[in-house]
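Just add 10 to wherever you are in the sequence shown, counting from 1, and you've got the working numbering. All C-beta atoms, glycine included, are put in the ideal place defined by N, C-alpha and C.
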Amino acid sequence: MSNAFLSGGPGRSGGIAIEEADRRLASISLPARPLAVPLSLAHGRILARDARSDRPSPPFDRVCMDGYALRAGDVRAGAELAVRGVAKAGEPRRALAEGSGCMEVMTGSVLPEGCDAVVAVERTERISEDRVRILQESVGIGDNVHRMGRDRRSGDVVVASGTRLGPCEIAALASVGVVRPEVVDGWRIAVVSTGDELVAPDQVPLGHQIRQSNAWGVAALLERSGFGAPEVLHLSDEPVSLGRELSELSARVDLLVLSGGVSMGRFDLVPSTLEAIGVRNLLHGIAQQPGGPIWMGVLATGGVVAGLPGNPVSALVCLRRHVVPLLERSAGLAVSGRRVELACPLKRAKAKTRFVPVALDDEFRARPVHVDGSGDWAGLVGSDGFVQVGVGMDDVPVGTRLEYFPW
Ligand code: AMP
Ligand code: MG
Numbered sequence: 011m012s013n014a015f016l017s018g019g020p021g022r023s024g025g026i027a028i029e030e031a032d033r034r035l036a037s038i039s040l041p042a043r044p045l046a047v048p049l050s051l052a053h054g055r056i057l058a059r060d061a062r063s064d065r066p067s068p069p070f071d072r073v074c075m076d077g078y079a080l081r082a083g084d085v086r087a088g089a090e091l092a093v094r095g096v097a098k099a100g101e102p103r104r105a106l107a108e109g110s111g112c113m114e115v116m117t118g119s120v121l122p123e124g125c126d127a128v129v130a131v132e133r134t135e136r137i138s139e140d141r142v143r144i145l146q147e148s149v150g151i152g153d154n155v156h157r158m159g160r161d162r163r164s165g166d167v168v169v170a171s172g173t174r175l176g177p178c179e180i181a182a183l184a185s186v187g188v189v190r191p192e193v194v195d196g197w198r199i200a201v202v203s204t205g206d207e208l209v210a211p212d213q214v215p216l217g218h219q220i221r222q223s224n225a226w227g228v229a230a231l232l233e234r235s236g237f238g239a240p241e242v243l244h245l246s247d248e249p250v251s252l253g254r255e256l257s258e259l260s261a262r263v264d265l266l267v268l269s270g271g272v273s274m275g276r277f278d279l280v281p282s283t284l285e286a287i288g289v290r291n292l293l294h295g296i297a298q299q300p301g302g303p304i305w306m307g308v309l310a311t312g313g314v315v316a317g318l319p320g321n322p323v324s325a326l327v328c329l330r331r332h333v334v335p336l337l338e339r340s341a342g343l344a345v346s347g348r349r350v351e352l353a354c355p356l357k358r359a360k361a362k363t364r365f366v367p368v369a370l371d372d373e374f375r376a377r378p379v380h381v382d383g384s385g386d387w388a389g390l391v392g393s394d395g396f397v398q399v400g401v402g403m404d405d406v407p408v409g410t411r412l413e414y415f416p417w
């Protein structure tokens with residue numbers, strides 16, 4: 011098996027332009043695999059099917075002030091009305107006979123039949139157990155009543171497919187009785203670290219070893235992006251076992267995220283191994299920094315393989331910049347380019363697109379954080395994401411709006 015250099019790898023400075031990479035990646039997507047999950051586990055996930063209301067909202071003429079339900083036409087300033095009872099929230103609709111005064115109501119009560127408005131309790135004076143004085147001069151029909159169906163009709167879409175479920179959407183699903191929403195979480199995802207120098211984070215490494223951290227960051231970013239918890243594995247840089255394991259994984263996953271082994275070293279065996287087991291190469295090498303050596307391809311099953319470079323900064327940046335948008339698009343999520351303003355000037359890279367880790371200040375302006383090369387995982391701590399700086403010779407001045415990729 012040849013190494014990346016012999017199989018036509020990216021080279022130290024080569025690779026396709028990022029626009030071309032975006033074009034190639036836009037031509038592929040993951041197959042849909044909706045999965046029903048309990049509402050308690052749906053937060054942060056992406057909805058796979060429109061959720062519709064099963065009844066009008068509100069479902070009845072809802073009182074929206076504590077006070078007195080009455081007929082607007084009965085009210086003049088200083089009018090005294092007989093109180094004919096109490097309509098509590100949670101009770102079926104009551105009725106007020108014609109010409110008979112008012113009924114005490116609370117927020118959430120069903121507006122009693124025969125009433126068309128509510129006067130807030132603070133605009134009244136209770137003069138006895140069964141009489142109330144209305145202090146306001148007039149009342150409009152519908153005052154303090156939230157009319158049945160005013161917000162949504164039965165059958166209306168309340169949360170559209172492709173929406174990431176935050177607190178508001180979770181509450182909306184609960185309101186329409188969707189307790190097991192279908193989310194796009196059914197993708198089988200494996201995150202594989204390669205490298206014989208790696209040990210698990212709970213081990214004490216020998217002097218020449220390092221703890222494998224990429225899979226943890228990758229899994230966290232996938233989960234935060236709404237794609238569930240992946241299976242996590244570690245494979246060695248030994249070609250025969252690497253080929254066997256990757257072949258087995260390729261048959262059963264929709265997305266294989268590899269880290270390490272895609273560059274030009276003698277033991278960077280991932281590209282040649284993937285190609286040997288029949289994965290179709292889509293791109294190898296993008297003129298970007300960090301993460302230039304990235305390899306991406308398509309499985310015979312239609313699944314996707316992302317070979318991220320092993321350097322921790324490169325791995326996370328490549329995942330966020332190239333893989334997460336592919337998943338979002340496959341999930342039907344509207345992927346809109348977000349932009350932030352620079353809080354201080356930046357140098358542009360001459361020949362490559364640059365990704366600069368940033369933290370947002372109190373005014374949501376991007377301030378670069380110091381990262382000492384692609385291996386400086388510690389430098390990323392506290393960053394909010396990164397900005398994309400295009401190819402060119404000039405400085406990028408303060409206030410420039412750049413494309414922003416939050417973690
Ligand atoms: P590679 O892309 O395999 O040449 O690895 C580049 C650098 O990233 C090397 O210093 C590796 O030790 C390091 N590295 C590779 N995989 C991981 C990982 N899973 N976690 C942390 N560092 C890694
Ligand atoms: Mg390696």
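Please return the same chain residues whose Cβ sits closer than 6 angstroms to the Cβ of Asp264, not counting the five positions on each side in sequence. The sequence position of residue 264 within the sequence shown is 254, counting from 1. Same-chain partners within the cutoff: Leu40, Trp197, Arg198 and Gly313.
Does DSSP classify Ala87 as helix, strand or coil? Counting from 1 along the sequence shown, the entry for residue 87 is found at position 77. It is coil, neither helix nor strand.
Would you say the beta carbon of Asp278 is closer than 7 angstroms to some non-hydrogen atom of the ligand AMP? Position 268 of the sequence shown, counted from the start, is the residue given in the question as residue 278. Flag set: Cβ of Asp278 near the ligand AMP.
On the premise that Asp247 lies in contact with Asp206, defined as a C-beta separation below 8 angstroms, what is that separation, rounded to the nearest angstrom? In the sequence shown, residue 206 corresponds to position 196, counting from 1. In the sequence shown, residue 247 corresponds to position 237, counting from 1. About 5 angstroms separates the two Cβ atoms, so the contact holds.
Outcome for Leu57 when other beta-carbon atoms lying within 10 angstroms are tallied against a minimum of 16: Locating residue 57 in the sequence shown gives position 47, counting from the first residue. Buried.
Looking only at its chain, what residues have a beta carbon closer than 8 angstroms to the beta carbon of Ser17, apart from the 5 residues adjacent to it on each side? As a first step, residue 17 is located in the sequence shown; it is residue number 7 there, counting from the start. Any reading at Ser17 must be qualified, since the residue scores a pLDDT of 37, below 50, and its modelled position is unreliable; the value itself is stated next. Only Pro281, Ser282 and Glu285 meet the Cβ criterion.
Strictly by DSSP, which residues pair up with Ile26? Against the sequence shown, residue 26 aligns to sequence position 16. For Ile26, which the question treats as bridged, DSSP gives the partners Ile296.
Cross-strand partners of Asn321 (DSSP beta bridge): Along the sequence shown, one-based indexing puts residue 321 at 311. Partner(s): none; Asn321 has no beta bridge.
On the CB-based measure, 16 or more other CB atoms within 10 Å of its CB, does Gly187 come out buried or exposed? If you number the sequence shown from 1, residue 187 lands on position 177. By the neighbour-count rule (16 or more Cβ atoms within 10 Å), Gly187 is not buried but exposed.
With Glu139 as the anchor, note down where its beta strand (DSSP E) starts and where it stops. Walking along the sequence shown from the start, residue 139 turns up at place 129. Element bounds for Glu139: n/a, residue is neither H nor E.
Return yes when the C-beta of Thr311 is under 7 angstroms from any heavy atom of the ligand MG, and no when it is not. Walking along the sequence shown from the start, residue 311 turns up at place 301. For Thr311, the distance from the CB to the nearest heavy atom of the ligand MG is not below 7 angstroms.
What residues in its chain sit with their C-beta under 6 angstroms from that of Arg411, if we drop five residues either side in the sequence? Taking the sequence shown and counting its residues from 1, one reaches residue 411 at position 401. The answer, listed in chain order, is Arg349 and Glu351.
When you compare only the Cα positions, how much space is there between Ile144 and Ser185? For the purposes of this step, residue 144 is identified with residue 134 of the sequence shown, where counting begins at 1. For the purposes of this step, residue 185 is identified with residue 175 of the sequence shown, where counting begins at 1. Looking at the backbone, the Cα of Ile144 and that of Ser185 are separated by about 35 angstroms.
Flag Asp247 as yes when its Cβ comes closer than 7 angstroms to any non-hydrogen atom of the ligand MG, and as no otherwise. On the sequence shown, position 237 is the one that residue 247 refers to. The nearest non-hydrogen atom of the ligand MG is less than 7 angstroms from the C-beta of Asp247.
Looking only at its chain, what residues have a beta carbon closer than 8 angstroms to the beta carbon of Glu101, apart from the 5 residues adjacent to it on each side? Start at 1 with the first residue of the sequence shown, and residue 101 comes out as number 91. The answer, listed in chain order, is Ser119 and Val120.
Should Thr363 be listed as close to the ligand MG, given that the test is whether its C-beta is under 7 angstroms from any heavy atom? Along the sequence shown, one-based indexing puts residue 363 at 353. It does not: the Cβ of Thr363 is nowhere closer than 7 angstroms to a heavy atom of the ligand MG.
Please work out which residues of its chain come closer than 7 angstroms, Cβ to Cβ, to Phe15, disregarding the five sequence neighbours upstream and downstream, and give them in chain order. By 1-based counting over the sequence shown, the position of residue 15 is 5. For Phe15, the pLDDT reaches just 35, beneath the cut-off of 50, and the residue's location in the model is therefore unreliable, leaving the point undetermined.
For Gly271, tell me which candidate among Ala82, Arg262, Ile287 and Leu252 has the shortest Cα-Cα distance. Indexing the sequence shown from 1 puts residue 271 at position 261. That would be Leu252, whose Cα lies nearest to the Cα of Gly271.
Pair every Cβ in the segment 123 to 131 with every Cβ in the segment 153 to 170, then say whether three or more of these pairs are closer than 8 angstroms. The segment 123 to 131 makes contact with the segment 153 to 170; the number of CB pairs closer than 8 angstroms reaches 3 or more.
Checking 8 angstroms against the spacing of the C-beta atoms, do Gly83 and Ala105 come in under that value? Your numbering for residue 83 matches position 73 in the sequence shown. Your numbering for residue 105 matches position 95 in the sequence shown. With a cutoff of 8 angstroms on beta-carbon distance, Gly83 and Ala105 are scored as not near each other.
State whether the segment 360 to 376 contacts the segment 51 to 70, with contact taken as three or more CB pairs (one from each stretch) at a distance under 8 angstroms. With the cut-off at 8 angstroms, the segment 360 to 376 and the segment 51 to 70 do not touch.
According to the neighbour-count rule (16 or more other Cβ atoms, all chains shown, within 10 Å of its Cβ), is His380 buried or exposed? Taking the sequence shown and counting its residues from 1, one reaches residue 380 at position 370. By the neighbour-count rule (16 or more Cβ atoms within 10 Å), His380 is not buried but exposed.
Which partner residues does Ile220 have in the DSSP bridge list? For the purposes of this step, residue 220 is taken as residue 210 along the sequence shown, with counting starting at 1. In the DSSP output, where bridge partners are listed per residue, Ile220 has Leu208.
Look at Ile38 and Ala297 and say whether their C-beta atoms are less than 8 angstroms apart. Numbered from its first residue, the sequence shown carries residue 38 at position 28. Numbered from its first residue, the sequence shown carries residue 297 at position 287. No, the pair does not count as a contact, with Cβ atoms beyond the cut-off.
In the DSSP assignment, the beta strand (DSSP E) including Val423 goes from what residue to what residue? What the structure shows of the chain is the stretch from 11 to 417, and residue 423 is not part of that stretch, so it cannot be assessed.
According to DSSP, is Asn13 helix, strand or coil? Against the sequence shown, residue 13 aligns to sequence position 3. In this prediction, Asn13 scores a pLDDT of 36, lower than 50, which makes its location untrustworthy; the coordinate-derived value is nonetheless stated afterwards. Three-state DSSP puts Asn13 in coil, outside helix and strand.
Determine the contact status of Val85 and Ala97, defining contact as a CB-CB distance below 8 angstroms. Translated into the one-based positions of the sequence shown, residue 85 becomes position 75. Translated into the one-based positions of the sequence shown, residue 97 becomes position 87. Taking C-beta atoms as the reference points, Val85 and Ala97 fail to come closer than 8 angstroms.
Which residues does DSSP list as the beta-bridge partners of Glu135? Your numbering for residue 135 matches position 125 in the sequence shown. In the DSSP output, where bridge partners are listed per residue, Glu135 has Arg143.
Tell me, which residues are paired with Asp405 by DSSP? Position 395 of the sequence shown, counted from the start, is the residue given in the question as residue 405. Looking at the DSSP assignment, Asp405 forms a beta bridge with Lys357.
For a test of your reading of the model: does the CB of Gly385 fall under 7 angstroms from any non-hydrogen atom of the ligand GTP? Yes or no. Here the bound small molecules are the ligand AMP and the ligand MG; the ligand GTP is not part of this structure.
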